[in-house]
Every structure is written in C-alpha cells, then in structure tokens.
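Contents: one structure, followed by commentary.
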Amino acid sequence: MYDFKFHSAFSVDDAAAKLAAAEDGTVMAGGQTLIPVLKQRLANPSDVVDLSGAGLSGITNNGDSVTIGAMTTHAEVAGSSDVSAALRSVAEGIGDAQVRNRGTLGGSVANNDPAADYPAALLGLGATITTNQRDIAADDFFTGLFETALNDGEIIKSVTFPNATKAAYAKFPNPASRYAMVGVFAAQAADGVRVAVTGATDCAHRGPKLEAALSANWSPDALDGVTIPADHINGDIHGSPEYRAHLVVVMAKRAVAAAG
Ligand SMILES: Cc1cc2nc3c(=O)[nH]c(=O)nc-3n(C[C@H](O)[C@H](O)[C@H](O)COP(=O)(O)OP(=O)(O)OC[C@H]3O[C@@H](n4cnc5c(N)ncnc54)[C@H](O)[C@@H]3O)c2cc1C
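Each residue of the sequence shown is one higher than the last, beginning at 772 in my numbering.
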C-alpha cells in the first residue's frame, strides 16, 4: 500500500471540500473493493476520505418508491421491511456475511463491477442516482467496464428505486466469489417491462430482445425462442461466452417465474 492522507468526512459537503483540496483524492465507503485495490498498489490516491460519518445511511419509503442512502450496507437493505422483496433478494445474495455487513449500495454502484448485482436492479427498476451535483437516470449511469457517468469528485448520496408491479432477480452465482456469472433483473415497471442483465458483458445493460418478448407476453415461455449471440459476451475459466449467453435466457425465465 502506498502512503496516503486519511480524512473522516462529517457531511457530504465536508467530503466534497476535502476531495477538492486533495491533489488526487478518493472517497471510501466500506472499503470492500478500495482496500484490496490499495493493498495491491493498483491505485495511488494522495488522500482517502471516509464517508462513514457523512450521514449517508438510511432507507426511506416514499410510498411509490424507496430511497436508499449511499452508505447503507447490503445487510441493512436485505433486512429492511421498507424495501421490496426483489430488492431485498439482490442484497441478500451479495457475497458473504462480512461483505454484506461492510459493502454499501453507493460503493457497489460507483465501482460498477461487470458482475455486480445492484447495477442490474437499478437498470431493471429504472432507478435514479442522486449525487452532490445532480440526478442521473440509471439508464445513463453505467457507461463501461468499471466506468460510470460520475465526474471526478462527484459523490453518490442516494438511489431512488420506483416500485414495480412485479419484479424479481435471478442470479447464477460464481461458486467462489458469489458475484454473478449472470444475473437478470426483470420488472413490470411504470414505464413498461424492463429487463437488465449483469455478469455477461463489460457492464450491466438492458436486454431489448428479452424486453420485447416479455412486453408481448409476461411469461417464462415467451423467452423460449429468444437467443443471445455470444459475440460480445464475457468468457473466462468459469464459463465460455456461449455458456453465459445461454444463462442470460435461463436467468431471465427464472426471474419472470419468480416475479409471478
Ligand atoms: C469477497 C467479495 C465478494 C463480493 N461478492 C459480491 C457479489 O456477489 N455481488 C456484488 O454485487 N458485489 C460483490 N462484492 C462487492 C461488494 O458487495 C461491494 O459492493 C463492493 O466491493 C464495494 O465496496 P464498498 O461499498 O465497501 O465500497 P468501497 O470499496 O469503499 O469503494 C468502492 C469504489 O466506490 C467509490 N465510492 C464509494 N462510495 C461512493 C460514493 N458514495 N460516491 C462516489 N463514489 C463512491 C470509491 O471511491 C471506490 O472507488 C464482493 C466483494 C468482495 C470483497
């Protein structure tokens, strides 16, 4: 680990000011990704600003949506009665107990790992990310491998998830890490059917073919004829592109069946 200056932030404005004063600063949530990255010397920030005292935890039920603070842990989401069963199941399925007790919604979304679960839920429910600068629609947020629409120094404050009529997440977990080999979030949302896929490509994305089939007929059988080309699908020692492409349809069927 390279040397860096450590700061505790006492509000989002305080965090933003400390970042602005740093030569090359970064924020820290639960440190589940950041600390290993620093330990392996894959990053060399001049300053690390800890958000744990910045007042960004909490879950608010707005009636037709739920707003979750960026520093809310996966365990808190998994245990909340204000959160839909679909969203709870996303949080419950992340990593192991330690990761769920330290890892946060904001850290997961900002990190945008290609196999992370939350990005699929944000896209599948048409969520809005609120930062210290603006609101960003989930559809515009996840831009590439570990890339997002966040500007340098921009801090996620919360994510608002609209309620859906029906929704569920189905994930085929990597047996070692529990990250998604492929995960599919399917929803009948206010603006129609939304289907989002994670684990299959460089970052989570909507599935237009799946959405078209399910818009015509919300049923697992509606996906029988749908095939996903393997051209741009991830392949590694855990699964070939063809295997993951096949999993996309299987997980989509399971998500629709679970949503009812
Ligand atoms: C063993 C293991 C297994 C895991 N399994 C899964 C899994 O199955 N599914 C899954 O989805 N994830 C999984 N994760 C990821 C985990 O759930 C965390 O979400 C992820 O590691 C981010 O951790 P964190 O919230 O502590 O953020 P940190 O590690 O503190 O930060 C991550 C990045 O986000 C930035 N950041 C953090 N908060 C904010 C904010 N509010 N605004 C702007 N930028 C911010 C940081 O600067 C940093 O670049 C796993 C992680 C581990 C270590």
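Every residue, glycine too, gets a C-beta built ideally from N, C-alpha and C.
Is any non-hydrogen atom of ligand 1 found closer than 7 Å to the C-beta of residue i, if you look at the structure I gave you?
| i | result |
| --- | --- |
| residue 799 | yes |
| residue 986 | no |
| residue 907 | no |
| residue 778 | no |
| residue 910 | no |
| residue 921 | yes |
| residue 845 | yes |
| residue 859 | no |
| residue 854 | no |
| residue 870 | yes |
| residue 927 | yes |
| residue 865 | yes |
Kindly indicate the opening and closing residues of the beta strand (DSSP E) around residue i.
| i | result |
| --- | --- |
| residue 917 | From DSSP, residue 917 is part of no beta strand (DSSP E); its letter is neither H nor E. |
| residue 836 | 836–840 |
| residue 806 | That residue, residue 806, is in no beta strand (DSSP E); its alpha helix (DSSP H) goes 805–810. |
When you compare only the Cα positions, how much space is there between residue i and residue j?
| i | j | result |
| --- | --- | --- |
| residue 800 | residue 916 | 20 Å |
| residue 914 | residue 974 | 7 Å |
| residue 895 | residue 1024 | 15 Å |
| residue 787 | residue 833 | 27 Å |
| residue 830 | residue 777 | 28 Å |
| residue 948 | residue 811 | 18 Å |
In this structure, does DSSP put residue i in helix, strand or coil?
| i | result |
| --- | --- |
| residue 944 | strand |
| residue 939 | strand |
| residue 855 | coil |
| residue 971 | coil |
| residue 778 | strand |
Check for me: the alpha helix (DSSP H) holding residue i runs from which residue to which?
| i | result |
| --- | --- |
| residue 830 | That residue, residue 830, is in no alpha helix (DSSP H); its beta strand (DSSP E) goes 830–832. |
| residue 933 | Looking at the DSSP string, residue 933 is not in any alpha helix (DSSP H); the run it does join, the beta strand (DSSP E), is 927–933. |
| residue 865 | Residue 865 -> no alpha helix (DSSP H), and no H or E assigned at all. |
> Below 8 Å, can you find three or more Cβ-Cβ pairs linking the stretch 813–821 to the stretch 842–855?
Replying inline: no
> For the stretch 922–932 against the stretch 942–950, are there 3 or more C-beta pairs whose distance is under 8 Å?
Replying inline: no
> Does the count of Cβ pairs from the stretch 870–882 and the stretch 962–973 closer than 8 Å reach three?
Replying inline: no
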